[in-house]
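Written below as C-alpha coordinates is the structure these notes are about.
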Amino acid sequence: MGELLEPRLEQILAFCAREPVERVFLEDVARRGLGRFVAAPGDDGLAALCHLGANVVPAGEG
6 MGELLEPRLE QILAFCAREP VERVFLEDVA RRGLGRFVAA PGDDGLAALC HLGANVVPAG
66 EG
(Lines of atoms letter the chains of each structure in order from A; the text may use other names.)
(Lines give C-alpha, C1' and ligand atoms only; values in the text may rest on other atoms or scores of the structure.)
Protein backbone atom coordinates (compact mmCIF):
# COMPACT_ATOMS: atom_id res chain seq x y z
CA MET A 6 0.00 0.00 0.00
CA GLY A 7 1.26 3.47 -0.86
CA GLU A 8 1.42 6.56 1.26
CA LEU A 9 -1.76 8.24 2.45
CA LEU A 10 -2.36 11.97 2.42
CA GLU A 11 -4.74 14.50 3.94
CA PRO A 12 -6.69 15.73 0.91
CA ARG A 13 -7.73 19.32 0.25
CA LEU A 14 -11.44 20.13 -0.02
CA GLU A 15 -11.29 20.48 -3.81
CA GLN A 16 -9.71 17.01 -4.08
CA ILE A 17 -12.48 15.52 -1.94
CA LEU A 18 -15.21 17.19 -3.99
CA ALA A 19 -13.66 16.02 -7.27
CA PHE A 20 -13.47 12.45 -5.93
CA CYS A 21 -17.10 12.57 -4.79
CA ALA A 22 -18.26 13.97 -8.15
CA ARG A 23 -17.12 10.78 -9.91
CA GLU A 24 -19.74 8.70 -8.00
CA PRO A 25 -22.15 11.29 -6.55
CA VAL A 26 -24.83 8.88 -5.29
CA GLU A 27 -22.39 6.54 -3.54
CA ARG A 28 -20.39 9.41 -2.05
CA VAL A 29 -23.12 11.87 -1.04
CA PHE A 30 -22.33 11.45 2.68
CA LEU A 31 -18.63 12.10 2.12
CA GLU A 32 -19.36 15.26 0.13
CA ASP A 33 -21.76 16.53 2.78
CA VAL A 34 -19.36 16.12 5.70
CA ALA A 35 -16.50 17.60 3.67
CA ARG A 36 -18.53 20.71 2.83
CA ARG A 37 -19.53 21.06 6.50
CA GLY A 38 -15.91 20.66 7.65
CA LEU A 39 -16.72 17.71 9.93
CA GLY A 40 -14.17 15.05 10.88
CA ARG A 41 -10.98 14.32 9.01
CA PHE A 42 -10.18 12.61 5.76
CA VAL A 43 -7.30 10.49 4.55
CA ALA A 44 -6.85 9.49 0.94
CA ALA A 45 -4.83 7.29 -1.36
CA PRO A 46 -3.56 9.21 -4.38
CA GLY A 47 -4.20 7.81 -7.85
CA ASP A 48 -3.04 8.55 -11.37
CA ASP A 49 -5.86 11.04 -11.92
CA GLY A 50 -6.83 12.52 -8.55
CA LEU A 51 -7.70 10.44 -5.52
CA ALA A 52 -8.05 6.66 -5.83
CA ALA A 53 -9.71 6.17 -2.43
CA LEU A 54 -10.99 8.31 0.42
CA CYS A 55 -11.86 7.60 4.04
CA HIS A 56 -13.73 9.88 6.44
CA LEU A 57 -12.56 9.62 10.05
CA GLY A 58 -15.12 10.84 12.53
CA ALA A 59 -17.96 9.32 14.49
CA ASN A 60 -18.41 7.02 11.47
CA VAL A 61 -15.71 5.44 9.32
CA VAL A 62 -16.80 5.62 5.69
CA PRO A 63 -14.41 4.21 3.07
CA ALA A 64 -15.06 4.59 -0.66
CA GLY A 65 -13.16 3.78 -3.82
CA GLU A 66 -10.44 1.23 -4.41
CA GLY A 67 -7.32 0.66 -2.39
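Residues are numbered in our numbering as their position in the sequence shown, beginning at 1, plus a constant of 5.
We put the CB at the ideal spot given by N, CA and C, even for glycine.
Which residues does DSSP pair with residue i in a beta bridge?
i: L54; result: A44, A64
i: L10; result: A44
Less than 9 Å between the beta carbons of residue i and residue j, yes or no?
i: A19; j: L51; result: yes
i: L54; j: G65; result: yes
i: L14; j: A45; result: no
Straight-line CA distance for residue i to residue j?
i: N60; j: R23; result: 22 Å
i: G67; j: R36; result: 24 Å
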